[in-house]
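Report on the following structure.
Numbering (this note's numbering), first residue to last: 4 to 548.
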């Protein structure tokens, strides 16, 4: 059964914000959060996004956002901090050339503050960053986006941006719907526009008995620096009343330039290219903990587990307070069988962040592997306490509850996993198994149908549905399901066995023996001698008849 690892930064009239040159003092996170909430807007549509108010002229407000948020021209409304709604007039949308940025305007007699513009060139690795926006609601029961404000740190500020102007990289947790939202420094100044982020969800391959662990990814959230906007705005006729900074002087590539290339290549699945880029980032900055952490993730994905651990060790050497390498090293140690080492790493992650849901979730998985099922449930409970929307923790707790005999408790947890992640094929499949055990055959079939709808290559769901169809008398439907399971996974011994038993019940002795023999051969190849011997016994009984 598959388990899930979770992964581990007002003036009335004409209002403008000027780039400040004097010494700035850091604000508390709460103070920046208050500023952010007053100037961040929701762009509510079928594909929602976020934006930030950057100018007021009379009753006309200008909003800056990511261009991809406002290119669909679907019906959209701007929702301001006071909950008022204004129709988005697409005739006011002005995309900026060559970058994923756009502005638009709306009119209101209400009084809304505007952002204070910072100097993004001064945002360097390790400095505080905040991101605000409106994540799209994942649960079907939640009809509207909910404001979100997260803290993190800048991990790179490249002088050579990626396509569409992306140059800022930060560790903040971001989610779909936050695109176009503001990025702030610790003075509460606008330093960028968020555009791309890692959802931090687990995508476990259902075809694997021991699925590959998905890792917390550090520095996978990308934004466009505000200085890029300012340099282009004057040339594009987008006046926000702020003097643009001088053009950057072209210099030799620096570590941040290679780091952001590594992030981009890793996101696109170019793992070898990512390693090359991270190698260069490390060559130029041998103390770059985030680069070691990210390279470790790529190495692990490529099967170099020991190399990954070496990288996580180096990341922690240069930044012992960075939580992600503890989580990632713990995951690899668990894969390599060092369960106690994994628990030690998750304990350290929890020491640095006692509210880190991912660490509790992953420690629960290891405790379960060690037979401590109650300890696992305790950890999943804590993961849920600190993140009540943690679909993976509900899923994992559902597995343990069902194994302990609490079938209804398992179903309840799968219900919650599905509520917070409606596309979780594993949760539907597992809930189907429990419904079947409790006698709800049709409910189980409905769950397998939904599993297959989400993932048409889910061989287990076809096999499970085939068993139910057979129980309900639909022999041909069952055979069709076993055929599909075998097509997806030609080494699926159980599907051959199940198809063979149905063929025997239908009087097709020859094909039945063929399927059973194939199942026996596969079990033998897999080292399952007990199943191999049992099936040979069944074949012998059939041939004697």
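Note that beta-carbon positions come from the ideal geometry of N, C-alpha and C, so glycine has one too.
Output needed for residue i: all residues of its chain with C-beta closer than 7 Å, excluding positions within five of it in sequence on either side, in chain order.
i           : result
residue 213 : Bear in mind that the predicted position of residue 213 carries a pLDDT of just 24, short of 50, making it unreliable; the figure below should be weighed with that in mind. If we look at residue 213 and ignore the five residues flanking it on each side, it has no Cβ neighbours.
residue 298 : 278, 281 and 314
residue 209 : Low per-residue confidence applies at residue 209: pLDDT is 28, beneath 50, and the placement is therefore not dependable enough to give any value.
residue 317 : 295
residue 332 : 312, 315 and 348
Take residue i and list the residues in its own chain whose beta-carbon comes closer than 8 Å to its own, dropping the five residues that flank it on each side.
i           : result
residue 187 : 35, 38, 39, 121, 132, 133, 134, 135, 193 and 194
residue 29  : 131, 189 and 190
residue 372 : 337 and 342
residue 446 : 435 and 438
Look at the alpha carbon of residue i and the alpha carbon of residue j, and state the distance between them as a whole number of angstroms.
i           : j           : result
residue 541 : residue 514 : 14 Å
residue 517 : residue 314 : 50 Å
residue 167 : residue 93  : 21 Å
residue 522 : residue 82  : 59 Å
residue 73  : residue 273 : 29 Å
residue 97  : residue 287 : 39 Å
residue 366 : residue 307 : 22 Å
residue 478 : residue 512 : 15 Å
residue 545 : residue 413 : 39 Å
residue 400 : residue 458 : 23 Å
residue 267 : residue 260 : 11 Å
residue 149 : residue 255 : 42 Å
residue 510 : residue 502 : 13 Å
residue 425 : residue 271 : 25 Å
residue 305 : residue 276 : 12 Å
I'd like to confirm the pairing. Which residues does DSSP put opposite residue i in its beta bridges?
i           : result
residue 88  : 82
residue 199 : 225
residue 160 : 171
residue 34  : Its beta-bridge partners do not exist; DSSP assigns none.
residue 231 : None; residue 231 has no bridge partner.
residue 53  : 45
residue 270 : Paired residues: none, contrary to the question.
Verify whether the separation of the beta carbon atoms of residue i and residue j is less than 8 Å.
i           : j           : result
residue 363 : residue 339 : no
residue 185 : residue 55  : yes
residue 99  : residue 239 : yes
residue 169 : residue 129 : no
residue 57  : residue 67  : yes
residue 427 : residue 394 : yes
residue 278 : residue 165 : no
residue 290 : residue 284 : no
residue 137 : residue 114 : no
residue 489 : residue 499 : yes
residue 172 : residue 183 : no
residue 467 : residue 451 : yes
residue 233 : residue 248 : yes
residue 153 : residue 110 : no
residue 487 : residue 507 : no
residue 230 : residue 199 : no
residue 79  : residue 48  : yes
Does any heavy atom of the ligand PLP sit closer than 7 Å to the C-beta of residue i?
i           : result
residue 450 : With respect to small molecules bound, the structure shown includes none, and the ligand PLP cannot be examined in it.
Tell me which same chain residues have a C-beta within less than 6 Å of the C-beta of residue i, skipping the five on either side of it?
i           : result
residue 204 : At residue 204 the pLDDT is 39, less than 50, meaning the model places this residue with poor confidence; the figure from the coordinates comes in the next sentence. Closer than 6 Å at the Cβ level, and outside the excluded window around residue 204, lies no residue.
residue 481 : 469, 472, 473 and 505
residue 329 : 348, 351 and 352
residue 211 : The predicted position of residue 211 is uncertain, since its pLDDT is 23 and thus under 50; a value taken from the coordinates is nonetheless stated next. Closer than 6 Å at the Cβ level, and outside the excluded window around residue 211, lies no residue.
Would you be able to state if there are at least three C-beta pairs under 8 Å between the segment 154-162 and the segment 97-114?
-> no
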